[in-house]
Amino acid sequence: MRVRLSKRFSFEAAHWLPTFPEGHKCRRLHGHSFRVEVVVEGDMPVDRGYLLDYGDIRTAIEPVETALDHRCLNEIAGLENPTSEMIAAWIWNRLESSLPLLAEVIVEE
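Just so we're aligned, residue 1146 is where the sequence shown starts under my numbering, counting upward by one.
The structure is reproduced here in structure tokens:
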């Protein structure tokens, strides 16, 4: 049986979007309460009764959350243009090796 599990976390951060047009409000430094949902998907081993331990998901997420929380995102390598899409890709790149069942990363402001 194919199943999907998700784990959410949030972080507070500041950023500006340098590729937005001059004068656009998002080009100025501002902050958000970001919410992230990490989704894993796979075939559940029936004999075990679960796909993945939520603790393992949390362990994978913790260093990512720590790297982002209460930071200026533009100062983080790889997030010089920290749009929600780029943040999702950055998170994906940091989780994919520790969460091989990673299926989706959703970022909300």
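Idealized CB from N, CA, C, for every residue including glycine.
Chain-order list of residues whose beta-carbon lies under 7 Å from that of residue i (same chain, five-residue window excluded)
i	result
Asn1219	His1160, Trp1161, Glu1225, Pro1227
Val1209	Ile1236, Arg1239, Leu1240
Thr1164	Asn1226
Val1252	Phe1179, Val1181, Ser1229, Ile1232, Ala1233
Distance, residue j Cα to residue i Cα
i	j	result
Glu1254	Arg1149	23 Å
Cys1217	Ser1243	25 Å
Ala1205	Leu1196	15 Å
Lys1152	Ala1248	12 Å
Leu1246	Tyr1199	13 Å
Phe1179	Phe1154	9 Å
Glu1167	Ser1229	19 Å
Val1183	Phe1156	14 Å
His1169	Glu1207	33 Å
For residue j and residue i, believed in contact at Cβ under 8 Å, the rounded distance
i	j	result
Asp1192	Ala1158	With 8 Å as the limit, Asp1192 and Ala1158 do not qualify as a contact, their Cβ atoms being about 42 Å apart.
Ala1212	Ile1221	7 Å
Pick from the options that is closest to residue i, judged by C-alpha positions
i	options	result
Met1231	Val1250, Glu1167, Ile1202	Val1250
Asp1181	Arg1203, Cys1217, Arg1147, Glu1167	Looking at the sequence itself, residue 1181 is Val, so the reference to Asp does not match. Closest option to Val1181, Cα to Cα, is Arg1203.
Asp1201	Val1185, Ile1221, Ala1234	Val1185
Met1146	Phe1156, Ser1178, Asp1188	Asp1188
Chain D within 8 Å of residue i, Cβ atoms only
i	result
Arg1173	Reference to chain D is not applicable here, since this structure consists of a single protein chain.
Chain-order list of residues whose beta-carbon lies under 6 Å from that of residue i (same chain, five-residue window excluded)
i	result
Gly1223	Trp1235
- Message: Pairs of beta-carbons, one from the stretch 1236 to 1248 and one from the stretch 1172 to 1180, closer than 8 Å: are there three or more?
- Response: no
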